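Single-structure report; data block below.
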Amino acid sequence: MPHALVWFKRDLRTVDHAPLLAAAASGRPVLPVYVIEPDLWRQDDASARQWAVVREALDELRAALAACGTPLLVLRGDTVEAFDALHRAFGLVEVHAHEETGNAWTFARDRRVGAWLREAGIPFIEHQNGSTVRRLRRRDGWARHWEGHNGEAPLPAPVALMPARPLNTIDHASGPALADLRCEALPDARDLGLPSDPCPGRQPGGRASALRLLGSFVDGRGATYSRGMSSPISAPKVCSRLSVHFATGTLSIREAVAASRAAQWAGRGTPARALQSFESRLHWQGHFMQKLESEPAIEFRNTHRGFDGLREGEFDPSAFEAWRTGTTGWPFVDACLRMLAATGWINFRMRAMLVAVASYHLWLHWRETGLHLARQFTDYEPGIHWPQVQMQSGVTGINIPRIYNPVKQGLDQDPEGTFVRRWVPELAALPAPWIHLPWQLPPAQLAKHGVVLGRDYPEPVRDHEQAAREAKAKLTTWWREHPGMRELARGVLRKHGSRMKQTRPRLEGRKKESPAPHGATQGSLFD
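Put into structure tokens, the structure is as follows:
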């Protein structure tokens, strides 16, 4: 009997999985497939830490699918070649997959796979992924659509699958090609040619971890979410920490919304106000995903084309290296960069600060800094990442530029210097507030604490206040001297501007929320 193939990509779960449900309903044997694509892992935004998370998720997905009735078939190689071998071996009657809002490589891959399937006469049924709408013409009404998908539609029941044909019964003529692609043991990062990427504090992947985090968050861990999310000291504990699971698809946004609302209706665990704040960020997650889906070129070029040429010709490699390695001489910035390197995660406000410091104080183009951060994030989601990087770099034309003061951020978020002492131990002996301003202490006082700037810790790469003034002046001059900037901004707003309104049913005693203004630092999976 011909088989219905389910192609897993960034959706490594069996629950709330539209392609799996559709294949199960077809009455055909279901063949779940994941293809490890070496070319994907050679892209500039890929890293060993990301693969480590995916690998753990795949291990759990294998077990979950086996419990549903058929194991996951993992292949390694080119997807078109893999599907060709599978068609010869099993006889494919249809292929189901989620639409993927990924990077340019995955978009081109999906088009190539679709072309091959059409030529082979095999229907390619792509299912909407979450609230992201392919070929969306207008944003009007999108917020209502988000609520309808994530807040009102019931979660589907678990599936039972008709098992695929056993591999040992495959005709010999088709067997060798498939045997060459089969991947009994999942490769490690070295097997995929990924550079060494130590990340000792990274989160584990897999659905079991996702469910534990979701449960603890709604049951009380998120009680101080609203006031604790901004500081890198409190954020690791009070934030949901679900971003890595949304990015790999071990948990759906709809599942998180359902858990949040169940807790609110029950009046238990994390307070409703905190959960409503969490939900607003899930809404903004979809808002930013839709931006890249509607305009994939955002990965490479300015959203507002009037900013083309603003930074491209002034890239300073030494400044980029200092920023990349956490040796800018601004202690709080360096601490954030080092935490990210060691854990693969940092809270959203600090992500925004890191991009802003790179873009304004160091005047670095967002593409190179964005690629470095993409590799660092274990929760890298292209649809979130690139629109946010551009937003924080001031090249969207519809968001107020936010030039974070790297010293003030440290004094506000880490007044006692606890965070800096952990991640910048060479300054650990300095008292607060001077730990955030070591260059303002006389050399003799620094020496008393065992610190010599330029030897133990670098001098600031630039005067941050002067750099901020220069950045503001450059932006003002650019806007004034380039005609048509305002008209182009209106076009960006029409295409990508938020239409968020109050769309979900009000819970008893709940105050109506207001839309976030343009320029607000909401809108991310990062928390």
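If you're matching positions, the sequence shown starts at 59 in my numbering and goes up one per residue.
Where is the CB? At the ideal position from N, CA and C, for every residue including glycine.
Treat the numbers as computed from the prediction; the structure is a model and nothing was measured.
Of the residues 484, 491, 341, 100, the one whose Cα lies closest to the Cα of residue 505 is 484. Note on the region 386-474: whole alpha helix (DSSP H) runs with a minimum of 4 residues are 389-401, 406-414, 424-434, 440-451, 464-471, in chain order. Between the beta-carbon of residue 478 and that of residue 393 there is about 5 angstroms, and that keeps the pair under the 8 angstroms contact cut. By the Cβ-count criterion, residue 59 is exposed, with fewer than 16 other Cβ atoms from all chains shown falling within 10 Å of its own Cβ. By the beta-carbon neighbour count (other beta carbons within 10 angstroms, threshold 16), residue 458 is exposed.
Taking C-alpha positions only, residue 286 is separated from residue 332 by approximately 10 angstroms. Following the DSSP letters along the chain, one finds residue 90 in no alpha helix (DSSP H) but inside the beta strand (DSSP E) bounded by residues 88-94.
Distance check between residue 278 and each of 531, 326, 238 places 326 closest, using alpha-carbon atoms only.
Between the region 533-544 and the region 328-346 there are fewer than three inter-stretch CB-CB distances shorter than 8 angstroms, so the stretches are not counted as touching.
CA-CA distance, residue 523 to residue 463, rounds to 8 angstroms.
Setting aside the 5 residues that flank it on each side, residue 160 is surrounded in the same chain by 440, each with a C-beta closer than 6 angstroms to its C-beta; the list follows chain order. Within a 10 Å sphere around the beta-carbon of residue 510 sit fewer than 16 other beta-carbons, which makes this residue exposed. Scanning the region 263-289 for uninterrupted alpha helix (DSSP H) segments of 4 residues or longer gives 265-274, 283-286, listed from N- to C-terminal end.
As a beta-bridge residue in DSSP terms, residue 184 pairs with 155. A distance of 8 angstroms or more separates the beta carbons of residue 427 and residue 361. Put simply, of 407, 358, 419, 404 the residue whose alpha carbon is nearest the alpha carbon of residue 378 is 419.
Comparing C-alpha distances from residue 380 to each of 421, 432, 86, 197 shows the shortest one belongs to 421.
Straight across, the Cα-Cα distance linking residue 80 with residue 437 is about 28 angstroms. Checking the DSSP bridge columns, you'll see residue 240 partnered with 133. Contact between residue 268 and residue 300 is confirmed by a C-beta separation of about 6 angstroms, below the 8 angstroms threshold.
Rounded to whole angstroms, the gap between the alpha carbons of residue 154 and residue 83 is 12 angstroms. Within the model, the alpha-carbon separation for residue 167 versus residue 257 is close to 29 angstroms.
Under the criterion of beta carbons closer than 8 angstroms, residue 347 and residue 190 qualify as touching, at roughly 5 angstroms. The C-beta distance from residue 395 to residue 412 rounds to 7 angstroms, short enough to fall under 8 angstroms. Residues of the same chain with a CB within less than 8 angstroms of the CB of residue 306, apart from the 5 flanking positions on each side, are 68, 70, 111, 112, 115, 263 in chain order.
Within the DSSP secondary-structure output, residue 61 pairs in a beta bridge with 150.
Residue 349 sits buried, since 16 or more C-beta atoms from the chains shown fall within 10 Å of its C-beta. Counting the other Cβ atoms within 10 Å of the Cβ of residue 198 gives fewer than 16, which makes it exposed.
By DSSP's assignment, residue 66 forms a beta bridge with 92. Fewer than three pairs of CB atoms, one per stretch, sit closer than 8 angstroms, so the region 288-298 makes no contact with the region 244-252. In this structure, the straight-line span from the alpha carbon of residue 207 to that of residue 170 is close to 29 angstroms. Between residue 423 and residue 370, the CB-CB gap stays under 8 angstroms. Close CB contacts of residue 140 within its chain, under the 6 angstroms cut and outside five residues either way in sequence, are with 93, 133, 239 (chain order).
In the three-state reduction of the DSSP assignment, residue 78 falls in the helix class. Closest by C-alpha distance to residue 147, out of 131, 157, 162, is 131.
Per DSSP, reduced to three states, the secondary structure at residue 194 is coil, with no helix or strand assignment.
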